[in-house]
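Peer 1:
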Amino acid sequence: MAKGVKSKGSIIYKLLIVLLGAALLFTILYPKYIWDQEDKNTKRCQSNMVHILYAELTYLTENNAYNDTLSVVSDFIKSDTTGTRLRSYMTADSALALDIYNYFKLSNDSLASQIIDSLLAYGKKYDLDTTAALVIDSLKTIDQYAEKIDSIALASLDNFYTCPTTGEDYIVEVNNDSAIKVINITCPIDSLDIAEIKNDFKLNVLGGLKLKNHGNIDNGDKSWINR
418 MAKGVKSKGS IIYKLLIVLL GAALLFTILY PKYIWDQEDK NTKRCQSNMV
468 HILYAELTYL TENNAYNDTL SVVSDFIKSD TTGTRLRSYM TADSALALDI
518 YNYFKLSNDS LASQIIDSLL AYGKKYDLDT TAALVIDSLK TIDQYAEKID
568 SIALASLDNF YTCPTTGEDY IVEVNNDSAI KVINITCPID SLDIAEIKND
618 FKLNVLGGLK LKNHGNIDNG DKSWINR
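Here the sequence shown stands for residues 418 to 644, where the numbers follow the numbering used here.
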(Lines of atoms letter the chains of each structure in order from A and count residues from 1; the text may use other names and numbers.)
(Lines give C-alpha, C1' and ligand atoms only; values in the text may rest on other atoms or scores of the structure.)
Protein backbone atom coordinates (compact mmCIF):
# COMPACT_ATOMS: atom_id res chain seq x y z
CA MET A 1 0.00 0.00 0.00
CA ALA A 2 2.83 2.40 0.88
CA LYS A 3 4.49 1.65 -2.43
CA GLY A 4 1.25 2.49 -4.25
CA VAL A 5 0.94 5.81 -2.46
CA LYS A 6 4.57 6.59 -3.18
CA SER A 7 4.11 5.66 -6.84
CA LYS A 8 0.99 7.82 -7.13
CA GLY A 9 2.73 10.76 -5.46
CA SER A 10 5.68 10.36 -7.81
CA ILE A 11 3.40 10.51 -10.85
CA ILE A 12 1.68 13.65 -9.58
CA TYR A 13 5.06 15.21 -8.85
CA LYS A 14 6.25 14.46 -12.38
CA LEU A 15 3.05 15.87 -13.86
CA LEU A 16 3.52 19.06 -11.86
CA ILE A 17 7.06 19.39 -13.19
CA VAL A 18 5.80 18.92 -16.77
CA LEU A 19 3.02 21.48 -16.26
CA LEU A 20 5.38 24.00 -14.68
CA GLY A 21 7.84 23.48 -17.54
CA ALA A 22 5.08 24.00 -20.09
CA ALA A 23 3.92 27.14 -18.28
CA LEU A 24 7.46 28.51 -18.20
CA LEU A 25 7.91 27.76 -21.90
CA PHE A 26 4.60 29.50 -22.64
CA THR A 27 5.65 32.64 -20.74
CA ILE A 28 8.78 32.80 -22.90
CA LEU A 29 7.46 31.80 -26.31
CA TYR A 30 4.03 33.47 -26.33
CA PRO A 31 5.28 37.03 -25.69
CA LYS A 32 8.01 36.49 -28.29
CA TYR A 33 5.36 35.43 -30.80
CA ILE A 34 3.24 38.49 -30.00
CA TRP A 35 6.19 40.88 -30.20
CA ASP A 36 7.47 39.33 -33.43
CA GLN A 37 4.02 39.63 -34.96
CA GLU A 38 3.70 43.28 -34.01
CA ASP A 39 7.22 43.95 -35.27
CA LYS A 40 6.21 42.46 -38.64
CA ASN A 41 3.02 44.54 -38.59
CA THR A 42 5.00 47.69 -37.83
CA LYS A 43 7.38 47.11 -40.74
CA ARG A 44 4.52 46.24 -43.07
CA CYS A 45 2.55 49.29 -41.95
CA GLN A 46 5.50 51.58 -42.61
CA SER A 47 6.10 49.86 -45.95
CA ASN A 48 2.44 50.42 -46.85
CA MET A 49 2.78 54.12 -46.13
CA VAL A 50 5.86 54.29 -48.38
CA HIS A 51 3.91 52.54 -51.15
CA ILE A 52 1.09 55.05 -50.70
CA LEU A 53 3.52 57.96 -50.95
CA TYR A 54 4.99 56.80 -54.26
CA ALA A 55 1.59 55.90 -55.66
CA GLU A 56 0.49 59.44 -54.77
CA LEU A 57 3.61 60.90 -56.41
CA THR A 58 2.82 58.93 -59.57
CA TYR A 59 -0.69 60.38 -59.47
CA LEU A 60 0.68 63.88 -58.81
CA THR A 61 2.93 63.77 -61.90
CA GLU A 62 -0.01 63.72 -64.30
CA ASN A 63 -2.69 65.45 -62.27
CA ASN A 64 -0.69 68.19 -60.53
CA ALA A 65 -2.49 67.27 -57.31
CA TYR A 66 -2.59 64.56 -54.67
CA ASN A 67 -5.77 62.62 -53.95
CA ASP A 68 -6.87 61.61 -50.45
CA THR A 69 -8.92 58.68 -51.79
CA LEU A 70 -6.49 55.79 -52.15
CA SER A 71 -8.77 53.72 -54.39
CA VAL A 72 -8.74 56.56 -56.95
CA VAL A 73 -4.94 56.69 -56.87
CA SER A 74 -4.62 52.92 -57.15
CA ASP A 75 -7.12 52.68 -60.02
CA PHE A 76 -5.34 55.54 -61.82
CA ILE A 77 -2.11 53.52 -61.92
CA LYS A 78 -3.75 50.18 -62.72
CA SER A 79 -5.93 51.60 -65.52
CA ASP A 80 -2.92 52.59 -67.65
CA THR A 81 -2.79 49.89 -70.32
CA THR A 82 0.71 50.96 -71.42
CA GLY A 83 2.16 50.05 -68.01
CA THR A 84 4.03 53.38 -67.84
CA ARG A 85 2.45 54.48 -64.58
CA LEU A 86 3.03 51.11 -62.94
CA ARG A 87 6.69 51.19 -63.94
CA SER A 88 7.08 54.76 -62.64
CA TYR A 89 5.52 53.71 -59.36
CA MET A 90 7.62 50.59 -58.80
CA THR A 91 10.96 52.12 -59.82
CA ALA A 92 10.41 55.25 -57.71
CA ASP A 93 9.42 53.16 -54.69
CA SER A 94 12.82 51.75 -53.64
CA ALA A 95 11.20 49.59 -50.94
CA LEU A 96 8.93 47.93 -53.49
CA ALA A 97 11.81 47.55 -55.97
CA LEU A 98 13.85 45.88 -53.23
CA ASP A 99 10.96 43.53 -52.39
CA ILE A 100 10.76 42.49 -56.04
CA TYR A 101 14.54 42.14 -56.24
CA ASN A 102 14.62 39.93 -53.13
CA TYR A 103 11.77 37.79 -54.47
CA PHE A 104 13.86 36.82 -57.48
CA LYS A 105 17.14 36.69 -55.59
CA LEU A 106 15.71 34.20 -53.10
CA SER A 107 13.79 32.17 -55.68
CA ASN A 108 14.94 28.83 -57.02
CA ASP A 109 14.94 30.23 -60.56
CA SER A 110 18.47 29.70 -61.84
CA LEU A 111 18.07 32.01 -64.84
CA ALA A 112 16.84 34.92 -62.70
CA SER A 113 19.70 34.33 -60.26
CA GLN A 114 22.21 34.30 -63.11
CA ILE A 115 20.88 37.58 -64.51
CA ILE A 116 21.03 39.24 -61.09
CA ASP A 117 24.52 37.91 -60.33
CA SER A 118 25.77 39.04 -63.75
CA LEU A 119 24.40 42.55 -63.25
CA LEU A 120 25.90 42.80 -59.77
CA ALA A 121 29.27 41.56 -61.05
CA TYR A 122 29.18 44.02 -63.93
CA GLY A 123 28.32 46.88 -61.58
CA LYS A 124 31.13 45.92 -59.22
CA LYS A 125 33.67 45.59 -62.05
CA TYR A 126 32.93 49.02 -63.49
CA ASP A 127 32.09 50.68 -60.17
CA LEU A 128 28.45 51.25 -61.12
CA ASP A 129 25.48 51.56 -58.78
CA THR A 130 23.51 48.43 -59.67
CA THR A 131 20.17 49.34 -58.12
CA ALA A 132 17.18 47.10 -57.62
CA ALA A 133 15.34 49.16 -60.25
CA LEU A 134 18.04 48.36 -62.83
CA VAL A 135 17.77 44.66 -62.05
CA ILE A 136 13.99 44.84 -62.40
CA ASP A 137 14.25 46.55 -65.79
CA SER A 138 16.57 43.79 -66.98
CA LEU A 139 14.27 41.03 -65.72
CA LYS A 140 11.26 42.70 -67.33
CA THR A 141 12.73 42.04 -70.77
CA ILE A 142 11.73 38.41 -70.19
CA ASP A 143 7.96 37.93 -70.44
CA GLN A 144 7.57 35.41 -67.61
CA TYR A 145 9.45 37.69 -65.23
CA ALA A 146 7.70 40.84 -66.44
CA GLU A 147 4.35 39.29 -65.56
CA LYS A 148 5.49 38.35 -62.07
CA ILE A 149 7.06 41.77 -61.45
CA ASP A 150 3.84 43.52 -62.45
CA SER A 151 1.77 41.19 -60.27
CA ILE A 152 3.89 42.00 -57.20
CA ALA A 153 3.58 45.73 -57.87
CA LEU A 154 -0.17 45.47 -58.44
CA ALA A 155 -0.56 43.46 -55.24
CA SER A 156 1.07 46.29 -53.29
CA LEU A 157 -1.56 48.66 -54.70
CA ASP A 158 -4.33 46.28 -53.62
CA ASN A 159 -3.01 45.82 -50.07
CA PHE A 160 -1.87 49.25 -48.88
CA TYR A 161 -5.23 50.54 -47.66
CA THR A 162 -5.19 49.47 -44.02
CA CYS A 163 -2.83 49.10 -41.07
CA PRO A 164 -2.16 45.37 -40.54
CA THR A 165 -2.44 45.68 -36.75
CA THR A 166 -5.90 47.23 -36.57
CA GLY A 167 -7.31 46.82 -40.08
CA GLU A 168 -8.20 50.53 -40.06
CA ASP A 169 -7.70 52.84 -43.05
CA TYR A 170 -4.65 55.08 -43.22
CA ILE A 171 -5.24 58.78 -42.66
CA VAL A 172 -4.29 60.63 -45.84
CA GLU A 173 -4.38 64.43 -45.73
CA VAL A 174 -3.53 66.53 -48.78
CA ASN A 175 -3.19 70.23 -49.52
CA ASN A 176 -3.28 71.08 -53.21
CA ASP A 177 -3.97 74.81 -52.75
CA SER A 178 -0.34 75.95 -52.61
CA ALA A 179 2.33 75.97 -55.30
CA ILE A 180 4.07 73.11 -53.48
CA LYS A 181 1.56 70.34 -52.92
CA VAL A 182 1.57 68.72 -49.48
CA ILE A 183 0.64 65.22 -48.34
CA ASN A 184 0.65 63.55 -44.93
CA ILE A 185 0.11 59.80 -44.46
CA THR A 186 -0.48 58.57 -40.91
CA CYS A 187 -0.91 55.17 -39.28
CA PRO A 188 -4.49 55.03 -37.89
CA ILE A 189 -3.58 53.58 -34.47
CA ASP A 190 -4.90 56.00 -31.83
CA SER A 191 -5.43 56.20 -28.07
CA LEU A 192 -8.58 54.05 -28.29
CA ASP A 193 -6.68 51.23 -29.99
CA ILE A 194 -3.90 51.50 -27.40
CA ALA A 195 -6.41 51.43 -24.54
CA GLU A 196 -8.12 48.39 -26.05
CA ILE A 197 -4.84 46.46 -26.04
CA LYS A 198 -4.17 47.54 -22.43
CA ASN A 199 -7.49 45.96 -21.45
CA ASP A 200 -6.81 42.77 -23.40
CA PHE A 201 -5.63 40.17 -20.88
CA LYS A 202 -4.28 37.80 -23.51
CA LEU A 203 -2.26 40.38 -25.47
CA ASN A 204 -1.26 42.81 -22.73
CA VAL A 205 -0.88 40.69 -19.59
CA LEU A 206 0.18 37.35 -21.07
CA GLY A 207 1.80 38.69 -24.22
CA GLY A 208 3.23 41.90 -22.79
CA LEU A 209 2.19 43.84 -25.91
CA LYS A 210 2.54 47.62 -25.67
CA LEU A 211 0.86 49.04 -28.76
CA LYS A 212 1.94 52.35 -30.29
CA ASN A 213 1.34 54.28 -33.48
CA HIS A 214 3.61 53.13 -36.31
CA GLY A 215 4.41 56.65 -37.47
CA ASN A 216 3.68 58.89 -40.42
CA ILE A 217 5.14 60.32 -43.60
CA ASP A 218 4.99 64.10 -43.67
CA ASN A 219 5.54 65.26 -47.25
CA GLY A 220 8.22 62.63 -47.76
CA ASP A 221 9.81 62.70 -44.29
CA LYS A 222 9.42 59.35 -42.51
CA SER A 223 8.95 59.75 -38.76
CA TRP A 224 10.51 56.37 -37.93
CA ILE A 225 13.77 57.40 -39.62
CA ASN A 226 13.97 60.76 -37.87
CA ARG A 227 13.52 59.27 -34.39
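Every residue, glycine too, gets a C-beta built ideally from N, C-alpha and C.
Taking just the CA atoms, how far does C604 sit from S491?
Peer 2: Between S491 and C604, the alpha-carbon positions lie close to 18 Å from each other.
Peer 1: Contact between the segment 587-594 and the segment 465-481 is defined here as three or more beta-carbon pairs at a separation below 8 Å; is this criterion met?
Peer 2: yes
Peer 1: For V552, which residues in the same chain have their Cβ closer than 6 Å to its Cβ, ignoring the five residues on either side in sequence?
Peer 2: Y518, I533 and L536
Peer 1: Give the single residue among I569, E479, I445 and D456 whose Cα lies nearest to the Cα of A512.
Peer 2: I569
Peer 1: Does DSSP classify T603 as helix, strand or coil?
Peer 2: strand
Peer 1: State the beta-bridge partners of K639 as determined by DSSP.
Peer 2: According to DSSP, which records beta bridges pairwise, K639 is partnered with I634.
Peer 1: Which of the three DSSP states, helix, strand or coil, is assigned to H592?
Peer 2: Looking at the sequence itself, residue 592 is Asn, so the reference to His does not match. Reduced to three states, the DSSP call for N592 is strand.
Peer 1: Using three-state DSSP, classify T548 as helix, strand or coil.
Peer 2: When secondary structure is reduced to three states using DSSP, T548 falls in the coil class, being assigned neither helix nor strand.
Peer 1: Report back the beta-carbon spacing between L623 and Y450 to the nearest angstrom; my notes put them in contact at under 8 Å.
Peer 2: About 11 Å; that fails the 8 Å criterion.
Peer 1: Quick one: give me the first and last residue of the alpha helix (DSSP H) that E585 is part of.
Peer 2: Counting along the chain, E585 falls outside any alpha helix (DSSP H), and DSSP gives it neither H nor E.
Peer 1: Here's the rule: buried if 16 or more other CB atoms are within 10 angstroms of the residue's CB, otherwise exposed. What is E613?
Peer 2: Exposed: under 16 other Cβ atoms inside 10 Å.
Peer 1: Based on Cα-Cα distance, which residue from I434, S427, L432 and D453 lies nearest to K627?
Peer 2: D453
Peer 1: When the Cα atoms are used, what is the spatial distance from T579 to Y476?
Peer 2: 19 Å
Peer 1: Would you mind listing the alpha helix (DSSP H) stretches within the segment 462-533 that are 4+ residues and don't spill past its ends, in chain order?
Peer 2: 487-495, 501-509 and 511-522
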